[in-house]
Each structure stands twice: as structure tokens, then as C-alpha cells.
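First up is the structure itself, then whatever we jot down about it.
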Amino acid sequence: EKHISIQRHLADLEKLADLKEDEKKPCPLCPEEKFRACYSHKLHRHLQNLHWKVSVEFEGYRMCICHLPCHPVKPNLVGDQALSKMGAHYHCIICSATITRRTDMIGHINRHVNKGETESRFITVPVPKASLEVLKESATDVRVLPNYSTPQKTDSYFNPKMKLNRQLIFCALAVLAQERKPIECLDAFGATGIMGLQWAKHLRSSVKVTINDCNENSVTMIQENCHLNKMKVKLNTKEEDNDEAMGDGEENTDTIEVTKMDANVIMHLRSFDFIHLDPFGTSVNYLDSAFRNVRNLGIVSLTSTDISSLYAKAQHVALRHYGCNIVRTEYYKELAARVVIAAVTRAAARCNKGIEVLLAVALEHFVLVVVRVLRGPSTADDSARKIRYLIHCQWCEERIFQKEGNMVEENPYQQLPCDCHGSMPGRTAVVLGPLWSGALFNTGFLRRMLFEAVQYGLDEVQPLLKTLVCEAECTTSKHFPTHSPCDENKQVAMWLFFFLYVLSMASVAFFCGSGKRKSNEVIRNAAKRQKSESSAEHPAFYYNIHRHSIKGMNMPKLNKFLNYLSEAGYRVSRTHFDPMGVRTNAPLAQFKTVLMKYSTPTYTGAQAEGPLHLTEDVQAAEQLQAAADGKAEDAKFLEDDKSGVAAASFTQDCPTHCVAD
Numbered sequence: 001e002k003h004i005s006i007q008r009h010l011a012d013l014e015k016l017a018d019l020k021e022d023e024k025k026p027c028p029l030c031p032e033e034k035f036r037a038c039y040s041h042k043l044h045r046h047l048q049n050l051h052w053k054v055s056v057e058f059e060g061y062r063m064c065i066c067h068l069p070c071h072p073v074k075p076n077l078v079g080d081q082a083l084s085k086m087g088a089h090y091h092c093i094i095c096s097a098t099i100t101r102r103t104d105m106i107g108h109i110n111r112h113v114n115k116g117e118t119e120s121r122f123i124t125v126p127v128p129k130a131s132l133e134v135l136k137e138s139a140t141d142v143r144v145l146p147n148y149s150t151p152q153k154t155d156s157y158f159n160p161k162m163k164l165n166r167q168l169i170f171c172a173l174a175v176l177a178q179e180r181k182p183i184e185c186l187d188a189f190g191a192t193g194i195m196g197l198q199w200a201k202h203l204r205s206s207v208k209v210t211i212n213d214c215n216e217n218s219v220t221m222i223q224e225n226c227h228l229n230k231m232k233v234k235l236n237t238k239e240e241d242n243d244e245a246m247g248d249g250e251e252n253t254d255t256i257e258v259t260k261m262d263a264n265v266i267m268h269l270r271s272f273d274f275i276h277l278d279p280f281g282t283s284v285n286y287l288d289s290a291f292r293n294v295r296n297l298g299i300v301s302l303t304s305t306d307i308s309s310l311y312a313k314a315q316h317v318a319l320r321h322y323g324c325n326i327v328r329t330e331y332y333k334e335l336a337a338r339v340v341i342a343a344v345t346r347a348a349a350r351c352n353k354g355i356e357v358l359l360a361v362a363l364e365h366f367v368l369v370v371v372r373v374l375r376g377p378s379t380a381d382d383s384a385r386k387i388r389y390l391i392h393c394q395w396c397e398e399r400i401f402q403k404e405g406n407m408v409e410e411n412p413y414q415q416l417p418c419d420c421h422g423s424m425p426g427r428t429a430v431v432l433g434p435l436w437s438g439a440l441f442n443t444g445f446l447r448r449m450l451f452e453a454v455q456y457g458l459d460e461v462q463p464l465l466k467t468l469v470c471e472a473e474c475t476t477s478k479h480f481p482t483h484s485p486c487d488e489n490k491q492v493a494m495w496l497f498f499f500l501y502v503l504s505m506a507s508v509a510f511f512c513g514s515g516k517r518k519s520n521e522v523i524r525n526a527a528k529r530q531k532s533e534s535s536a537e538h539p540a541f542y543y544n545i546h547r548h549s550i551k552g553m554n555m556p557k558l559n560k561f562l563n564y565l566s567e568a569g570y571r572v573s574r575t576h577f578d579p580m581g582v583r584t585n586a587p588l589a590q591f592k593t594v595l596m597k598y599s600t601p602t603y604t605g606a607q608a609e610g611p612l613h614l615t616e617d618v619q620a621a622e623q624l625q626a627a628a629d630g631k632a633e634d635a636k637f638l639e640d641d642k643s644g645v646a647a648a649s650f651t652q653d654c655p656t657h658c659v660a661d
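So the sequence shown is residues 1 to 661, counted in the UniProt record's numbering.
Spelled out as C-alpha cells, the structure:
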């Protein structure tokens, strides 16, 4: 039975009091200590003003405030204080909860409505289908609850801002599906099932999709979304195994397996070729299970959304979860990606597996890492050696990975290219890490991802993939082929044939006795080129051009500055981590030198961009310095206290006289 405080009309509440003009009646919702029995006219005003006007309405019913001793009172409040402050409460019409404040009661009812729980214990109200929203992404429909964007208050979390993340993962899976078919892939945290549905709908028979979630309501919604997209569902839980399919799902014979387990349990029980981890927060709790049974040359992708700790806003949390000491730097996004990869490397090494980083993306809302698994203790050792400490100068933002070796240096800050540790007082640098020191991208894999994005019409992710390809190659070129990877293999074979042909012609010329020097030069140049290509490492980290700008100077445009650095002989590219970042192998001193050279003073606004022209005084000072260095033993300096002008006179061997103010 419903509580007496829940009524449809005020008259129903008055009937409980059985009002009569000649008799005193007590209030049915207040104890005698709070409100004594009174006549009908006074009791009517009391019920209307104190109970009915502050009620909460839902589905035609009013949940009036109740002062009866049915709400638990705090032990520190006794007597009249307890009755006046803690006795007032509301009874929920849907569940058995008692809420003290009216605003909290309204929020409590709204949460029931957002979860679809509108069926009361006292009234039969069907769940309104209209309250469920249908969203469409990449030709896939999903039905979500109205509060789908609040992960802590809903069972079907769906974030539209993660569309770019889902497309990147789909492209990586599509590349793996071209290498071997069919592949078993797992979405360990399904929620609405949007990601697994996109895999099955576009890749078809190339993949066997398994969507897992430990929440029963989420599993039910995943099944409904599979039926909405005309997919067959195979339900697999701990208690039962059964197959079910909707009648209108005969058009598509693809089957999606839906499981209700803990993510660690299913990854321990079964082996997969592709595993994606996207928990709410950090994913370090699931790395050991993911690398335990993943197949050789399989792919593990993980999305970390604990950006407060990874972006050095909560450094103690990063130390607790990842075992890394980090601070806020100008390259904090790449630092976060290297922190996650270091945790992945350690988890894989514990299972005697190594990794190859295929992709590392850090944007505003997430950090995405995609790695390929390589079995064997030797590959695990090679990957573990790439975890190093980083020495970071807090004064000039210079950074360098600590050298390998078992010897402990007395002052490791001397490894920095800058001289801040010697010229500035105190300790100017800190040791960060341990971090991943290897490459963050695989150029060939990224190019194949770009090809798959073009094939499936994923327009939103193509600009990011083009930026990643340029960043992986550390180049500013924007020309991307539109042919398939098979055509690339043909071009590689053609270049290999041409290279072998040149070597054969050089060997023939060598044995014939003619062109010996030329043949040796061809072989030597080819060996040097191959060695340089294999030893060319990806430049670690980047510099923000605004962070190192010169006060009072106008910087050149970013694209022009990239060309200036490239002309100076350095590798350079833009980076997706920072729109104003420059990834280069140039030291910070050379970076600032080139930036200073091509900057213009702010007061010469009409002057075109170009090299900074020296004034006459500066030129005279340079001539004086050059002459003083060349004829230091013959120079005689004179001082004039009145004019304050320093002059230098030289012997007859140097007739040039230089005077500087």
C-alpha cells in the first residue's frame, strides 16, 4: 500500500483527517507533539499551506511532506530539535526511499525517469518508449536513455565527443582485418554497444564481435540495439547460454555475441586477436588480463579518460596508478601518452610479451594508445629497455632522456644541452618518469588506416590521420596517395628491383676492371643511405612556438618557420598534440636562434617577414670585435671620459679604424 502522504487531490488528504465542524481532529501527517488537534477550518489551512503547497508532483500524484517518525533521525539531534529539523521528509512513489529536502526529492524522481524506472510500486505505469532517444553514428543506430551523457548516473553511457576515438579504433581494426581473416575482437566495456555494432556492420564476416559489460541493464540495451540494427544476438552469461534473434533480422546474418561478465574474467577465459579497453577512468587495472591471452601479432587498444592525472593536474594520482613522477610541462599531452605506453609495456613484459606502438593520440578528452603484441622474452626485454627517465629543465623547458647504463652519475642534470644548471642558482631540473622513450607512430600502419578511412567514408578522422602521417615521418609534405596498399607494395618491389639492378651493374663494372672507383662509390652511398634510414629516430617531444617567442618581436608564420628550420638542416613537422607545436630534432638553442633570426620588431609593422636586419651600431660593434680578435696584440684602446666613446687604433698593418659608441 502507498503511504498516506501520497494523494491525488487535497480533498483526499482532508478525508484522512475526517474533518467535522464541531470536533477537534489531529493532522494525519504530523505527530501530536508538533501539531495539536484543532477544528476543521484551522486544520484545512494547515494541510493546504504546510503539506500540499510544498508537495512534489509525479504522474498525477502528489508526494506531500511528512512529519511522522518514519524517517531515521541523526543520533546527535534529540528532542524538539530532531522533530523540527530531521522529522520532515518525502516518500518516493517509485521506490521505498525517504528524502529530506524537496529539491533532492525532485532530483531523485528525475533520476528514476532518466533510467526508465517509471513503474511505481502502487500504480501500474508502462515504461514510455518515447523517453528513449535514438542516435545515429556511422550508419549505426543506438537507443540510449535521456541521461546518456552522465556516466555516473546512467547505465548506458554514450559520449558523442568520442566519435573521433571510435573512428580511429575502427580504422585500426580494419587494417588488422586485411592482414588475417576472420579475427575475434572484444569490446570489453560495451555500454550501448555502439563500437561493436560498427565493427560488425561494416566489416561483416571479417570479424567475430564480442561485446561485454558487467551491468545487466547495459546488456539488455546492447541486445535491443543489436535488434535495432538487424543483427543476430548470441547471449552468453555465467548462468545460461542461449541464442535469440528478432524476426526482422533475417536481412543480415551477422551474429554478435553479448556477454555479461567482468572484463578481467572474460579476458582470462578466452583469447582474442583485437581487444579494446575503454573503462571510465584509468585502464591499468585491466592490462594484465588483456595481455595474458591476446594472440601473437594481435592488437590491444586502450582509451584512458583520467586526464586529470595524466595531464599532471593530480600528480599524486598519476604516481599511484602509473608509478610515474610527472609535472606540468609544455608537452604534457605527449608526456601523458608516454606514461600510458610505459604502463602497457610493463604489463606486457610481465606476460613475456613485447609491444610495437602503432598509434598514440592525446586530445582534449582522452588518451588513445594502440599497440601490437609480440610474443617472446627477447622482444619483452627490448621493449622494457625503452623505458627511461626524462630530465626536464624547469627554467628553459629543455628535455632529454637519461642515458642507458648501470653507473650512477653524480650530477645527471649535466646531460641537458642547456647550461641552466651551471648559470642558475639551485636545482633547475627535475627527473620525470619512467616513460616510454621509443617511437609513438608506425608510418606504414597509419597510411593503411588513412586508406581504410577513405574507403569507408570516415571524413572526420581523415585530417587527423594525415597530420599523424606527417608527424610520424617528421615532414611537412601534404601529398598522400589514394591507391591501395597493394599498389604501395608494387612500388616497393619496383624500387627494390631497381636497387638490385644498380648493384648488379656496379658489380659487372667492377669485375670487368672498369669503373672500379665508381662502383665502390655506388655501393658505399647505398649502404650509407640504408644505414641513415634505419637509424633515423623519431624526434621526441615538441616545442611550442608561442612559449619560446621573444618579447617585443613579431614571430613568423608557423608554416614559414617550419620551412626555415628545414632549410637549416633539421627534421621538422607539426604535431597533433599542440596546434602551435613544432616537432623537430633541433636543440632548443638552435630553435630559438632560428626563431630570433626570422622575427621582426613590433614597431616595424609594415616590414615584411624575413631575417632580422642588424642596425648600424650592431654592425660597428661586430666589426670592432672582429678586428680586436684578429690584431689583439697590436690594438691600443683609448678612453675619452668626456664623450664616452671607445675607439681602437691599430698599427700600419691594419689601416681600418673601428669606432663604436
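Even glycine gets a Cβ: it sits at the ideal position worked out from N, Cα and C.
Identify every residue that forms a DSSP beta bridge with residue i.
| i | result |
| --- | --- |
| residue 691 | The requested residue 691 is not part of the displayed model; the chain covers only 1 to 661. |
| N554 | T600 |
| S573 | R583 |
| T210 | L186, E257 |
| R372 | I299, E356 |
| C38 | K25 |
| F366 | In DSSP, F366 forms no bridge with anything. |
| R388 | L435 |
Counting only the same chain and skipping the five closest in sequence on each side, list residues whose C-beta sits under 7 Å from that of residue i.
| i | result |
| --- | --- |
| K163 | E137, E460 |
| M424 | W395 |
| R447 | V469 |
Alpha carbon to alpha carbon, what distance is there between residue j and residue i?
| i | j | result |
| --- | --- | --- |
| V430 | P417 | 14 Å |
| R399 | V367 | 22 Å |
| Q462 | N442 | 16 Å |
| R295 | S283 | 20 Å |
| K313 | I266 | 33 Å |
| N49 | Y157 | 41 Å |
| V175 | Y61 | 57 Å |
| I183 | T593 | 52 Å |
| V113 | C92 | 13 Å |
| D634 | P587 | Low local confidence applies: a pLDDT of 42 at D634 is under 50, so the model's placement there is unreliable, with the coordinate-based value given in what follows. The straight-line gap from Cα to Cα measures roughly 39 Å. |
| A172 | M449 | 6 Å |
| R45 | F58 | 23 Å |
| Q415 | F401 | 9 Å |
| D288 | Q315 | 23 Å |
| S378 | L363 | 33 Å |
| L277 | N212 | 11 Å |
Return the first residue and the last residue of the beta strand (DSSP E) that residue i is part of.
| i | result |
| --- | --- |
| L440 | That residue, L440, is in no beta strand (DSSP E); it is neither H nor E in DSSP. |
| T329 | Premise fails: T329 is in no beta strand (DSSP E) and is neither H nor E. |
| T305 | No beta strand (DSSP E) contains T305, which DSSP labels as neither H nor E. |
| K353 | 353-362 |
| I400 | 399-401 |
Taking only three categories from DSSP, how would you classify residue i?
| i | result |
| --- | --- |
| C66 | strand |
| L416 | coil |
| L277 | strand |
| T379 | helix |
| residue 662 | There is no way to answer for residue 662, as the model of the chain reaches only from 1 to 661. |
| A200 | helix |
| H89 | strand |
| N411 | coil |
| N544 | strand |
| T593 | helix |
Tell me which same chain residues have a C-beta within less than 8 Å of the C-beta of residue i, skipping the five on either side of it?
| i | result |
| --- | --- |
| E471 | F441, S573, R574, T575, H576, R583 |
| A568 | A586, Q590, V594 |
Taking the continuous alpha helix (DSSP H) assigned at residue i, which residues delimit it?
| i | result |
| --- | --- |
| S566 | 558-567 |
| T103 | 102-114 |
| E14 | 10-17 |
| F170 | 163-179 |
| F291 | 287-293 |
| L135 | It is not in any alpha helix (DSSP H) - L135 instead sits in the beta strand (DSSP E) that spans 133-137. |
| E471 | 462-473 |
| E224 | 216-228 |
| V317 | 315-322 |
Grab me the residues of residue i's own chain with a C-beta within less than 6 Å of its C-beta, minus the 5 sequence neighbours each way, in chain order.
| i | result |
| --- | --- |
| H538 | A439 |
| L203 | A177 |
| H51 | L29, C64, I65 |
| S309 | V317, A318 |
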